[in-house]
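There are 2 protein chains.
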Amino acid sequence: MSDYFTQIADAVSFGADRPGKADLFAGRHLFVGLNCFEPGQRQRVHTHAGADKFYLIVSGRAHMTVGDETRVAGPGTLVWAPADVPHGVAEALERTVMLVGIAPPPL
Amino acid sequence: MSDYFTQIADAVSFGADRPGKADLFAGRHLFVGLNCFEPGQRQRVHTHAGADKFYLIVSGRAHMTVGDETRVAGPGTLVWAPADVPHGVAEALERTVMLVGIAPPPL
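Set out below in structure tokens:
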């Protein structure tokens with residue numbers, strides 16, 4: 375095990391009842407983790423006050439919402455949710471793995 | 375063009391003389407961009423004082439250094455460089471595209 379290196383594939387976990395989550399690294403200034411969705415699962419629209427966030431779709435496909443935009447995001451799509459802008463996952467269309475980063479980290 | 379959605383593939387750029395860089399999103403709390411290496415290119419070991427950073431290898435393969443660890447990183451490897459810990463790319467072994475995030479953003 376390393377403090378500095380990890381493989382996304384090793385941290386993927388899905389849940390039948392709710393999306394799977396994994397914490398990868400948490401520093402004082404930045405949190406990085408995974409959100410893993412089964413087809414049909416969602417993440418309600420929410421806002422991080424004073425924190426910037428991104429999602430990177432690693433695999434799968436989902437309808438993503440930021441502000442008043444909703445788009446289909448697939449592998450290699452980077453989704454930017456700046457501080458105070460509402461965002462969420464309207465619906466995963468396939469099994470979908472997303473890397474997420476939030477700065478500063480959630481309390 | 376969207377303020378919130380982009381494709382990594384659309385921002386990839388390589389340079390013969392030095393690694394290619396692309397800014398994807400820059401907020402007050404978080405910067406996200408790309409670093410693109412031709413085989414043999416390097417990024418010298420450096421430190422971000424007071425800023426956490428990660429690299430995600432999107433494609434390719436490189437020797438990465440953080441602190442006193444050097445490892446081969448390939449697609450799906452997440453590399454964590456906490457604030458004040460020296461890090462760099464010892465050598466790209468193939469054409470390599472990395473997503474990088476830094477919080478707070480560089481000045």
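Protein chains in written order, with this note's numbering: chain A, 375 to 481; chain B, 375 to 481. The beta-carbon is built from N, C-alpha and C at its ideal position, and this holds for glycine as well.
Query, Result
"Chain-order list of residues whose beta-carbon lies under 8 Å from that of A/G401 (same chain, five-residue window excluded)", "P479"
"Selected residue, minimal CA-CA separation from B/H461, among B/G394, B/R416 and B/C410", "B/R416"
"Cut-off 6 Å between Cβ atoms - residues of its own chain near A/V474, not counting five sequence neighbours on either side", "G407, N409 and Y429"
"Buried or exposed (CB count within 10 angstroms, at least 16 for buried), B/D426", "buried"
"Whole-number beta carbon distance between A/H422 and A/A457, since they are thought to touch under 8 Å", "6 Å"
"Cα-Cα separation, A/E468 to A/P449", "11 Å"
"Per-residue DSSP class, three states only, for A/A390", "coil"
"Segment limits, alpha helix (DSSP H) that includes B/A425", "Premise fails: B/A425 is in no alpha helix (DSSP H) and is neither H nor E."
"Under 7 Å from the C-beta of B/F411: neighbouring residues of chain A", "Near B/F411 there are no residues of chain A at all, since even the closest Cβ is about 17 Å away, more than 7 Å."
"4-residue-minimum alpha helix (DSSP H) runs that sit fully inside the segment 420-468 of chain B, ordered along the chain", "none"
"Local conformation of A/D397 per DSSP, three classes", "strand"
"C-beta atoms of B/V471 and B/V419 nearer than 7 Å", "no"
"Counterpart residues of B/A519 in DSSP-defined beta bridges", "With chain B running from 375 to 481 in the structure shown, residue 519 of chain B is simply not present."
"Minimum Cβ-Cβ distance from A/E468 to chain B less than 7 Å", "no"
"Identity of the residues DSSP links to B/G414 by a beta bridge", "DSSP output for B/G414 lists no bridge partner at all."
"Status (buried if at least 16 other CB within 10 Å, exposed otherwise) for A/G434", "buried"
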